[in-house]
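In order, the protein sequence lines correspond to chains A and B. Note that the first sequence covers residues 2 to 115 in our numbering. Note that the second sequence covers residues -4 to 107 in our numbering. All C-beta atoms in this analysis are idealised placements derived from N, C-alpha and C, irrespective of residue type, glycine included. The structure displayed is predicted, hence computed values, not measured ones. Below: the structure, in structure tokens.
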Amino acid sequence: DAKTTQPPSMDCAEGRAANLPCNHSTISGNEYVYWYRQIHSQGPQYIIHGLKNNETNEMASLIITEDRKSSTLILPHATLRDTAVYYCIVRPRERGSTLGRLYFGRGTQLTVWP
Amino acid sequence: EAQVTQNPRYLITVTGKKLTVTCSQNMNHEYMSWYRQDPGLGLRQIYYSMNVEVTDKGDVPEGYKVSRKEKRNFPLILESPSPNQTSLYFCASSGLNTGELFFGEGSRLTVL
């Protein structure tokens, strides 16, 4: 059961902002939105997460819509090293039946070009 | 250093020869999980464990077994590997109240 929907691919010019969308229209009230990225065939790496407020860290910003049905990961100044597959997942942060099953799907292949 | 360690990183084996891919984490995480990644199919969950002696099936558990006898270890067992289990495998762990997953570097398995 896909819980998130992402475009299969996007591209972005180096130095420009990359905005990666994710649809999670069936998100539950206790589920957070998490973003990961995978460079080549390395293990996915955590980027950021949020519940309902916008979040920012040294890697990216996360904008979650007011109804929480979608979000956007923003890489403010994309570099060539940001070329990767980006995954958006939803997951609760408390014990419960949905904590274990996680759906990563195919993610979005972001290509940053010079 | 906090890490998830998988072994072996690369393995070529033959159909039917039992093998185990080990996964160990040093972060005292309760949750551990295995994924396989195939071209065009993304990451698919095989099994997960919420704590010691507690395991459950993910999306693609057929042909695999797991065990969680100790908190730090979560081995993936292929009792009788077949060519369709040729894949890139990832182990991941997290605390139950933190949520962020830490992934291993992957194990590339080829079954001939």
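Three-state class that DSSP yields for residue i in the structure shown
| i | result |
| --- | --- |
| residue -2 of chain B | coil |
| residue 20 of chain A | strand |
| residue 80 of chain B | helix |
| residue 81 of chain A | helix |
| residue 28 of chain A | coil |
| residue 49 of chain A | strand |
| residue 55 of chain B | coil |
| residue 104 of chain A | coil |
| residue 72 of chain B | strand |
| residue 3 of chain B | coil |
| residue 106 of chain B | strand |
| residue 115 of chain A | coil |
| residue 11 of chain A | strand |
8 angstroms Cβ shell around residue i - same chain, five flanking residues per side excluded
| i | result |
| --- | --- |
| residue 33 of chain A | 50, 51, 52, 91, 92, 93, 94 |
| residue 4 of chain A | 25, 27, 28, 90, 91, 104 |
CB contact check: residue i to chain A, cutoff 8 angstroms
| i | result |
| --- | --- |
| residue 113 of chain B | Nothing can be reported for residue 113 of chain B, as the shown portion of chain B is limited to -4 through 107. |
| residue 59 of chain B | no |
| residue 95 of chain B | yes |
| residue 48 of chain B | no |
For residue i, the residue or residues it bridges with in DSSP
| i | result |
| --- | --- |
| residue 5 of chain A | For residue 5 of chain A, which the question treats as bridged, DSSP gives no partner whatsoever. |
| residue 59 of chain A | DSSP output for residue 59 of chain A lists no bridge partner at all. |
| residue 50 of chain B | B/44 |
| residue 32 of chain B | B/38, B/83 |
| residue 17 of chain B | B/2 |
Chain B within 8 angstroms of residue i, Cβ atoms only
| i | result |
| --- | --- |
| residue 35 of chain A | yes |
| residue 50 of chain A | yes |
| residue 30 of chain A | no |
| residue 77 of chain A | no |
Residues near residue i by beta carbon distance below 6 angstroms, same chain, minus five either side
| i | result |
| --- | --- |
| residue 73 of chain A | 20, 22, 64 |
| residue 27 of chain B | 44, 69, 88 |
| residue 70 of chain A | 26 |
| residue 96 of chain B | 87, 89 |
| residue 24 of chain B | 88, 89, 90 |
Buried versus exposed call for residue i [16 or more other C-beta atoms within 10 Å across all chains shown]
| i | result |
| --- | --- |
| residue 37 of chain A | buried |
| residue 34 of chain B | exposed |
Own chain, CB closer than 7 angstroms to residue i, minus 5 neighbours either side, in chain order
| i | result |
| --- | --- |
| residue 105 of chain A | 88, 90 |
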